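Chains A and B, in that order, are what the protein sequence lines are.
At the far end of the first sequence sits residue 234, using my numbering, and the numbering has no gaps.
At the far end of the second sequence sits residue 797, using my numbering, and the numbering has no gaps.
C-beta: ideal position from N, C-alpha, C; glycine also.
Predicted, not measured: the structure shown is a model, and the values here were computed from it.
Encoded as structure tokens, the structure appears first; notes follow it.
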Amino acid sequence: MINTNLSRFDEVRDTQMTYRQLLDCMARPGKINSVSLSIQKVDANLPCSPRVFMMAATLLDREVTFHLISPKKDEAVRFIEWRMRSRQEEINQADYLFIDLRIDPIQIDEMMDVIRVGTLQNPDQSATLILGVDDLSDHADLPLALRLRGPGIKEKKELSIAGMDPEWVRKRRQINKEYPTGCDFIFITATGKIAALPRTTLVESEGL
Amino acid sequence: MDFQLLQTYNFAFLDEGSKREIRRAALKAVAIPGYQVPFASRELPIGRGWGTGGLQLTLSLIGDGDCLKVIDQGHDDSVNAVSIKKLVQTCTRITTTTDSEQATIIQTRHRIPEVSLRKDQILVLQVPEPEPLRRVEPREKETKRLHAEMDYSSIWLRLYEDIVRWGKITIGPDYPAMANHRYIFNPSPIPRFDLPKLNQAEGLYLFGAGREKKIYAIPPYTDVVPLAFEDYPFETEHFEGCACRLCGSTDTFLDEIYDEKTGEKVYQCSDTGNCRKRPEGRNSNE
């Protein structure tokens, strides 16, 4: 039995609030919202990080599958499977991919080459990537500065990210080439700042 | 034994698994504007076809601090709107309003409020028929293929035939439009008057079809172009020379009704919440 103390985390209300922030992020790509109040309620000693727990609690159940790349992976996967009743699947099958660890560009390439992007008939059967990053800002003051255009954005929007390999953006562009197929990104920091890049967003960036 | 039940239903009526599924579908819908995402559509204490798609979206969205407005053909006071509002209020204890500017979530059937949606507001539309191509193709499998291949010639032909036969496009409400230059979608039976409000809007529009089990969305700042021909441009309903008999408004969508005593034809604002807020020209004997 895995011992968990989640008494402060309200599965009904905290996931609802997280979802609303997430929906707003998805509707307004690059907009940074906060779920810090809910994240603070999650026990820091869980096998997975509080941010992974928050997003998993909001999105996962037995109807969908996930794949987790994180420290203490086996323990964390077992915990999420037990807690959310979701199953871990191979990268090329998973509905939700949680990357809570810095991985190198080769691993990113291998991963992005096989993830689900949906089909032209069912573009919704695609993977959503939840990426743990160090920081998010709506000015160009962090290492990876992106300029965004597309639905949900009035003209242009700035988003800059710390702790994310530029390879993600390069690969994203490649696999999102044939709209409407593609994958959607969610970024989350340890303190609970979140932002999203749905497949419709066009990303410009210097140095890419 | 004497029990005091703390809670009889889950918060927002639906169980957490149902809400999560609807939420996942809505997130996908926002990421692919105009694409109809299938979902399982739960049983609710109202019949399918009575706004269950919209209601399920509302229930999956709503939380403490939200303020809900429900409208039916512009009215706050019709039976369906009142019942839905009461149901949501009973199982969430959120506040409700008839003022569209105070609401954070507005569930609606057949109208978009006159006052434009703000950034912090979500409009949930109840959809009877989500498939725009159903007018020309009865098979779901086939319409899915047509969307996939962006083969929209059959609906264009339907519009062309309308012009040949009637001299104009005969689709009134639920006028098909193109979302983000990719998917043709049905905006639910809103009048043509409301359709331009979806284009490059500030707020988020979510569409739920409970009977047809589909969810789709128009995110803010998205191009929504009504289907039309260069020489037969898109036209909205217009009300030249007519004014609301209650508030005197000439720039809102008007309902044509008959005075029950005199049998005379009169006009009245369809958006009752907005009409009540406009004092100018209002008769004192109302």
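Asked	Found
Secondary structure of residue 530 (chain B), DSSP reduced to three states	helix
CB contact check: residue 27 (chain A) to chain B, cutoff 8 Å	Because the pLDDT of residue 27 (chain A) is 42, which lies under 50, any placement of that residue in the model is unreliable, and the question is left without a value.
Per-residue burial, residue 153 (chain A) [other beta carbons within 10 Å of its own, 16 or more giving buried]	buried
Residue 726 (chain B) - partner residues in DSSP beta bridges	B:548 and B:719
Check whether residue 750 (chain B) and residue 778 (chain B) have beta carbons under 8 Å apart	yes
Opening and closing residue of the beta strand (DSSP E) in which residue 219 (chain A) lies	219-223
Selection of the stretch 32-53 of chain A by Cβ proximity to chain B, strictly under 9 Å	37, 38, 39, 41, 42, 43, 45, 46, 48, 49, 50, 52 and 53
4 or more residues per run - each alpha helix (DSSP H) lying fully within the stretch 646-689 of chain B	651-659 and 664-677
Any C-beta of chain B under 8 Å from that of residue 58 (chain A)	no
Start-to-end residues for the beta strand (DSSP E) that takes in residue 578 (chain B)	578-583
In DSSP terms, what residue 161 (chain A) is bridged to	A:188
Any 3 or more C-beta pairs closer than 8 Å across the stretch 730-749 of chain B and the stretch 550-557 of chain B	no
Best match in B:754, B:571 and B:748 for proximity to residue 686 (chain B) [C-alpha to C-alpha]	B:748
Cut-off 7 Å between Cβ atoms - residues of its own chain near residue 691 (chain B), not counting five sequence neighbours on either side	544, 545, 733 and 734
Through-space distance from residue 620 (chain B) to residue 637 (chain B), alpha-carbon basis	5 Å
Within chain B, the residues that residue 16 (chain A) reaches when beta carbons sit closer than 9 Å	This structure cannot settle anything about residue 16 (chain A), because the visible part of chain A is limited to 27 through 234.
Residue 616 (chain B) - DSSP class collapsed to helix/strand/coil	strand
Beta-ladder partner(s) of residue 171 (chain A), from DSSP	A:186
Residues of the stretch 729-748 of chain B whose Cβ lies closer than 9 Å to any Cβ of chain A, in chain order	729, 730, 731, 732, 733 and 734
Straight-line gap, residue 175 (chain A) to residue 676 (chain B) (C-alpha atoms, nearest Å)	42 Å
Cβ neighbour criterion (16 or more within 10 Å) applied to residue 678 (chain B)	exposed
Residue 183 (chain A) to residue 56 (chain A) span [Cα, whole Å]	7 Å
9 Å Cβ cut-off: residues of chain B touching residue 180 (chain A)	711, 713, 731 and 732
Limits of the alpha helix (DSSP H) - the one that residue 41 (chain A) falls within	37-53
Simplified DSSP state of residue 27 (chain A), which is helix, strand or coil	Reliability fails at residue 27 (chain A), whose pLDDT of 42 lies under 50, so the model's placement of it is uncertain and the value that follows must be treated cautiously. In this structure, residue 27 (chain A) counts as coil in the three-state DSSP scheme.
Three-state class that DSSP yields for residue 771 (chain B) in the structure shown	coil
Residue interval of the beta strand (DSSP E) (run including residue 132 (chain A))	Where residue 132 (chain A) is concerned, there is no enclosing beta strand (DSSP E), although the alpha helix (DSSP H) it sits in stretches over 131-140.
Rounded straight-line distance, which links the Cα of residue 68 (chain A) to that of residue 530 (chain B)	21 Å
Residues within the stretch 526-560 of chain B neighbouring chain A, beta-carbon criterion of under 7 Å	527, 528, 531, 532, 534, 535, 537, 538, 539, 541, 542, 543, 544, 546 and 548
Beta strand (DSSP E) runs contained entirely in the stretch 46-105 of chain A, provided each spans 3 or more residues	91-95
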